[in-house]
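The next block holds one structure in the form of C-alpha coordinates; read it before the comments.
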Amino acid sequence: MVPGADRSGASTGFERPVAGETIAGNHSQYRWQPIPGASSYLVRIEEVAGDFVWEGTSHGTSLTLPPDITLPAGRELRAYIITVPRDVAPAGDLSVRFRSGDRMAILKYRTLAAPWPAQLLILIGFLLGIGAAVLRYRASRFESATAT
4 MVPGADRSGA STGFERPVAG ETIAGNHSQY RWQPIPGASS YLVRIEEVAG DFVWEGTSHG
64 TSLTLPPDIT LPAGRELRAY IITVPRDVAP AGDLSVRFRS GDRMAILKYR TLAAPWPAQL
124 LILIGFLLGI GAAVLRYRAS RFESATAT
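Those letters in the sequence shown? Residues 4 to 151, per the numbering used here, in order.
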(Lines of atoms letter the chains of each structure in order from A and count residues from 1; the text may use other names and numbers.)
(Lines give C-alpha, C1' and ligand atoms only; values in the text may rest on other atoms or scores of the structure.)
Protein backbone atom coordinates (compact mmCIF):
# COMPACT_ATOMS: atom_id res chain seq x y z
CA MET A 1 0.00 0.00 0.00
CA VAL A 2 1.20 3.53 -0.76
CA PRO A 3 2.29 5.40 2.38
CA GLY A 4 -0.53 7.70 3.46
CA ALA A 5 -3.15 5.94 1.34
CA ASP A 6 -5.79 5.62 4.03
CA ARG A 7 -8.94 4.20 2.46
CA SER A 8 -11.07 4.47 5.59
CA GLY A 9 -11.70 8.21 5.32
CA ALA A 10 -12.33 8.24 9.08
CA SER A 11 -9.51 10.58 10.06
CA THR A 12 -10.23 13.21 7.41
CA GLY A 13 -13.99 13.11 6.92
CA PHE A 14 -13.31 12.52 3.21
CA GLU A 15 -14.31 9.32 1.44
CA ARG A 16 -12.72 10.43 -1.87
CA PRO A 17 -10.03 11.32 -2.50
CA VAL A 18 -8.18 9.35 0.15
CA ALA A 19 -4.94 10.63 1.68
CA GLY A 20 -2.08 10.33 -0.80
CA GLU A 21 -4.31 9.43 -3.77
CA THR A 22 -3.57 10.65 -7.31
CA ILE A 23 -6.70 11.87 -9.10
CA ALA A 24 -7.58 13.31 -12.51
CA GLY A 25 -7.10 17.04 -12.86
CA ASN A 26 -10.54 17.64 -14.36
CA HIS A 27 -14.05 16.58 -13.40
CA SER A 28 -12.74 15.13 -10.14
CA GLN A 29 -15.32 14.32 -7.51
CA TYR A 30 -15.00 14.86 -3.76
CA ARG A 31 -17.10 12.88 -1.28
CA TRP A 32 -17.20 13.09 2.49
CA GLN A 33 -19.04 11.81 5.54
CA PRO A 34 -22.17 13.81 6.50
CA ILE A 35 -21.66 16.07 9.51
CA PRO A 36 -24.67 16.31 11.85
CA GLY A 37 -26.14 19.81 11.93
CA ALA A 38 -24.51 21.02 8.70
CA SER A 39 -26.94 22.60 6.25
CA SER A 40 -24.28 22.86 3.52
CA TYR A 41 -20.56 22.57 2.98
CA LEU A 42 -17.89 24.80 1.51
CA VAL A 43 -15.16 22.77 -0.19
CA ARG A 44 -11.85 24.57 -0.63
CA ILE A 45 -9.04 23.11 -2.74
CA GLU A 46 -5.57 24.62 -2.43
CA GLU A 47 -2.25 23.80 -4.03
CA VAL A 48 0.13 22.97 -1.15
CA ALA A 49 3.07 24.92 -2.65
CA GLY A 50 1.50 27.25 -5.17
CA ASP A 51 -1.19 29.69 -6.13
CA PHE A 52 -4.12 27.48 -7.13
CA VAL A 53 -7.23 27.95 -4.99
CA TRP A 54 -10.82 26.95 -5.78
CA GLU A 55 -13.98 26.92 -3.66
CA GLY A 56 -17.37 25.41 -4.24
CA THR A 57 -20.55 24.88 -2.22
CA SER A 58 -22.58 21.70 -1.81
CA HIS A 59 -25.84 20.99 0.00
CA GLY A 60 -25.04 17.26 -0.07
CA THR A 61 -21.95 15.18 0.69
CA SER A 62 -20.25 15.38 -2.70
CA LEU A 63 -19.00 17.97 -5.14
CA THR A 64 -17.62 17.66 -8.68
CA LEU A 65 -15.25 20.21 -10.17
CA PRO A 66 -16.93 22.22 -12.94
CA PRO A 67 -15.73 21.51 -16.51
CA ASP A 68 -13.89 24.84 -16.74
CA ILE A 69 -11.69 24.10 -13.68
CA THR A 70 -8.59 21.93 -14.02
CA LEU A 71 -6.28 21.09 -11.13
CA PRO A 72 -2.60 21.82 -11.75
CA ALA A 73 -1.02 18.59 -13.07
CA GLY A 74 1.48 16.71 -10.95
CA ARG A 75 0.97 18.96 -7.95
CA GLU A 76 0.18 18.24 -4.33
CA LEU A 77 -3.15 19.67 -3.19
CA ARG A 78 -5.28 19.79 -0.07
CA ALA A 79 -9.08 19.82 0.06
CA TYR A 80 -10.88 21.22 3.09
CA ILE A 81 -14.49 20.79 4.22
CA ILE A 82 -15.94 23.83 5.97
CA THR A 83 -19.38 23.25 7.47
CA VAL A 84 -22.22 25.76 7.31
CA PRO A 85 -22.83 26.71 10.07
CA ARG A 86 -19.18 26.50 11.12
CA ASP A 87 -19.84 25.69 14.76
CA VAL A 88 -21.12 22.16 13.97
CA ALA A 89 -17.73 20.98 12.64
CA PRO A 90 -16.19 18.20 14.73
CA ALA A 91 -12.85 18.74 16.44
CA GLY A 92 -9.89 18.01 14.23
CA ASP A 93 -8.92 18.72 10.66
CA LEU A 94 -11.49 18.04 7.94
CA SER A 95 -9.02 17.94 5.09
CA VAL A 96 -7.21 15.52 2.83
CA ARG A 97 -3.91 15.83 0.97
CA PHE A 98 -3.73 14.33 -2.53
CA ARG A 99 -2.08 14.79 -5.95
CA SER A 100 -3.42 15.55 -9.40
CA GLY A 101 -1.99 13.69 -12.35
CA ASP A 102 -2.43 12.23 -15.80
CA ARG A 103 -3.66 8.71 -16.55
CA MET A 104 -0.21 7.15 -16.09
CA ALA A 105 0.22 8.79 -12.67
CA ILE A 106 -3.24 7.57 -11.64
CA LEU A 107 -2.46 4.04 -12.89
CA LYS A 108 0.83 4.04 -10.98
CA TYR A 109 -0.89 5.18 -7.78
CA ARG A 110 -3.67 2.60 -8.08
CA THR A 111 -1.21 -0.19 -8.79
CA LEU A 112 0.99 0.68 -5.81
CA ALA A 113 -2.02 1.22 -3.52
CA ALA A 114 -3.54 -2.16 -4.44
CA PRO A 115 -3.11 -5.15 -2.10
CA TRP A 116 -0.25 -7.48 -3.08
CA PRO A 117 -2.50 -10.17 -4.63
CA ALA A 118 -3.90 -7.56 -7.01
CA GLN A 119 -0.38 -6.30 -7.76
CA LEU A 120 0.62 -9.88 -8.59
CA LEU A 121 -2.33 -10.25 -10.98
CA ILE A 122 -1.40 -6.94 -12.65
CA LEU A 123 2.19 -8.16 -13.10
CA ILE A 124 1.04 -11.51 -14.54
CA GLY A 125 -1.29 -9.71 -16.96
CA PHE A 126 1.51 -7.38 -18.02
CA LEU A 127 3.91 -10.29 -18.62
CA LEU A 128 1.28 -12.25 -20.56
CA GLY A 129 0.66 -9.17 -22.71
CA ILE A 130 4.37 -8.84 -23.48
CA GLY A 131 4.56 -12.57 -24.23
CA ALA A 132 1.63 -12.33 -26.65
CA ALA A 133 3.23 -9.34 -28.40
CA VAL A 134 6.51 -11.25 -28.81
CA LEU A 135 4.68 -14.27 -30.25
CA ARG A 136 2.79 -12.05 -32.73
CA TYR A 137 6.06 -10.40 -33.77
CA ARG A 138 7.78 -13.77 -34.29
CA ALA A 139 4.80 -15.12 -36.25
CA SER A 140 4.81 -12.09 -38.56
CA ARG A 141 8.56 -12.46 -39.15
CA PHE A 142 8.12 -16.18 -39.87
CA GLU A 143 5.29 -15.47 -42.34
CA SER A 144 7.33 -12.84 -44.18
CA ALA A 145 10.38 -15.15 -44.28
CA THR A 146 8.38 -18.07 -45.71
CA ALA A 147 6.61 -15.82 -48.23
CA THR A 148 9.90 -14.86 -49.89
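Cβ atoms here follow ideal geometry from the backbone N, Cα and C, with glycine treated the same way.
Model, not experiment: these values are computed from the prediction.
- Note that the C-beta distance between Leu74 and Ser98 is not below 7 Å.
- Scanning Arg81, Arg144, Leu45 and Gly23 for the CA closest to the CA of Gly53 turns up Arg81.
- Three or more Cβ pairs closer than 8 Å define a contact, and the segment 78–95 meets that threshold against the segment 36–46.
- Secondary structure of Glu49 (DSSP, three-state): strand.
- For the pair Ile109 and Thr25, the CB atoms are nearer than the 7 Å cut-off.
- Taking Gln36 as reference, the option from Glu58, Ala27 and Gly63 with the minimal CA-CA separation is Gly63.
- Excluding its 5 nearest sequence neighbours in each direction, Gly28 has C-beta neighbours in its own chain below 6 Å: Thr73, Leu74, Ala76 and Ser103, listed in chain order.
- Each residue's CA atom was taken as its position, placing Leu138 and Trp57 some 50 Å apart.
- For Arg106, the secondary structure class from DSSP, reduced to helix, strand or coil, is helix.
- Out of Gly132, Ala22, Leu68 and Glu18, the CA that lies nearest to the CA of His30 is found in Leu68.
- Annotation: Thr64 is outside any alpha helix (DSSP H) and is labelled neither H nor E by DSSP.
- Bridge partners of Leu80 according to DSSP: Glu50 and Phe101.
- If you look at Ala27, you'll find it in the beta strand (DSSP E) that goes Thr25 to Ala27.
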